[in-house]
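K.L.:
Take this structure first; my questions come after.
Here it is in structure tokens:
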């Protein structure tokens, strides 16, 4: 009878041990899901941040360029007025008047002047019509890959707390305690690295037997930040 009782107790204990082993794998899976979710959320937030920065910088660069184009046309028109006045004086003195050519429209003048500066079509269209949006083609006209990379990374680093908050939110939403560590750039790539801690508990060992933090399971994940099509990430410009 005693042996049977011991056997039963052993089986129960082994069942608890196997349950704890299974629980460990379950915690590991849940913790990994939390790390993955945090990394993806951080990368998405970083993309929103740098896109807003690039749009603002592009508008800042476009405005003075458009002004220079318009000023150049205005100066040309003033020179033409002076030439017309000289021709009129010559006619009054008896010179034969030449037939006038149709003057180009303002849009044609803007387009010609911008084309002379190798501006892409969408930049020219934007100068003519302020409602035309500026996209990647304009970005590549005004900035190099190194400058674009520097602006993207600068925006992400300057708004790092917002990215951390987003990562923490999704880590905790998926069962983790908190984000333990974050890194950007990661491995020389346009990625964000995240590690999270998830608290575990066991049947065979009471929680009180562990020191603070000993029950935490740490998992890691990284996610690439979506980058604009055509942009070549320059890692050296991101570490400046």
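Numbering (our numbering), first residue to last: 1 to 240.
From the three backbone atoms N, C-alpha and C, an ideal C-beta is built for every residue, glycine too.
In terms of residues, what are the limits of the beta strand (DSSP E) holding residue 123?
P.N.:
Segment 121 to 128 is the alpha helix (DSSP H) holding residue 123; no beta strand (DSSP E) there.
K.L.:
Measure the CB-CB distance between residue 168 and residue 178 and report whether it falls below 8 Å.
P.N.:
Result yes, Cβ atoms of residue 168 and residue 178 sit closer than 8 Å.
K.L.:
Which term fits residue 255, buried or exposed, when burial requires 16 or more other beta carbons within 10 angstroms of its beta carbon?
P.N.:
Outside the shown range of the chain, which is 1 to 240, sits residue 255, and nothing can be said about it.
K.L.:
Within 10 Å of its beta-carbon, does residue 174 have 16 or more other beta-carbons around it, so buried, or fewer, so exposed?
P.N.:
Buried is the call here.
K.L.:
May I ask which residues mark the beginning and end of the beta strand (DSSP E) holding residue 176?
P.N.:
Run containing residue 176: none; DSSP gives neither H nor E here.
K.L.:
Report the three-state DSSP secondary structure of residue 18 (helix, strand or coil).
P.N.:
Note that residue 18 scores 43 on pLDDT, short of 50, meaning its location in the model is unreliable; the coordinates nonetheless yield the value given after this. In the structure shown, residue 18 sits in a helix (DSSP, three-state: H, G or I).
K.L.:
Measure the beta-carbon distance from residue 50 to residue 156 and round it to whole angstroms, keeping in mind my assumption that it falls under 8 Å.
P.N.:
About 6 Å separates the two Cβ atoms, so the contact holds.
K.L.:
From what residue to what residue does the alpha helix (DSSP H) around residue 139 run?
P.N.:
Element bounds for residue 139: 136 to 142.
K.L.:
Helix, strand or coil for residue 169? Go by DSSP, reduced to three states.
P.N.:
DSSP places residue 169 in helix when its eight states are reduced to three.
K.L.:
Based on DSSP bridge pairs, tell me the residues matched to residue 192.
P.N.:
Per DSSP, 223.
K.L.:
According to DSSP, is residue 229 part of a helix, a strand, or is it coil?
P.N.:
If DSSP states are grouped into helix, strand and coil, residue 229 belongs with coil.
K.L.:
If you run the structure through DSSP and keep just helix, strand and coil, what is residue 197?
P.N.:
Strand, per DSSP.
K.L.:
Are the CB atoms of residue 232 and residue 145 within a distance shorter than 8 Å?
P.N.:
Yes, Cβ-Cβ distance for residue 145 and residue 232 is below 8 Å.
K.L.:
Using the C-alpha atoms, what's the distance from residue 197 back to residue 59?
P.N.:
Those two C-alpha atoms are separated by around 42 Å.
K.L.:
Applying the 10 Å Cβ sphere with the 16-neighbour rule, what's the burial state of residue 161?
P.N.:
Answer is exposed; the Cβ neighbour count stays below 16.
K.L.:
Starting from residue 149, trace the alpha helix (DSSP H) both ways and give me its first and last residue.
P.N.:
Unbroken alpha helix (DSSP H) run through residue 149: 145 to 158.
K.L.:
Looking only at its own chain, which residues have a Cβ that is under 6 Å from the Cβ of residue 221, when we skip the five neighbours before and after it?
P.N.:
Contacts found: 35, 36, 39, 194.
K.L.:
Among the candidates 41, 61, 149, whose CA atom is the shortest distance from the CA of residue 228?
P.N.:
It is 149.
K.L.:
Out of 129, 138, 127, state which residue places its alpha-carbon closest to the alpha-carbon of residue 120.
P.N.:
Closest option to residue 120, Cα to Cα, is 138.
K.L.:
Along the chain, where does the alpha helix (DSSP H) containing residue 236 start, and where does it finish?
P.N.:
Unbroken alpha helix (DSSP H) run through residue 236: 235 to 238.
K.L.:
Quick check on the burial criterion: 16 or more other C-beta atoms within 10 angstroms. Buried or exposed for residue 131?
P.N.:
Residue 131 is exposed by the Cβ-count criterion.
K.L.:
Distance, Cα to Cα, residue 56 vs residue 64?
P.N.:
The straight-line gap from Cα to Cα measures roughly 14 Å.
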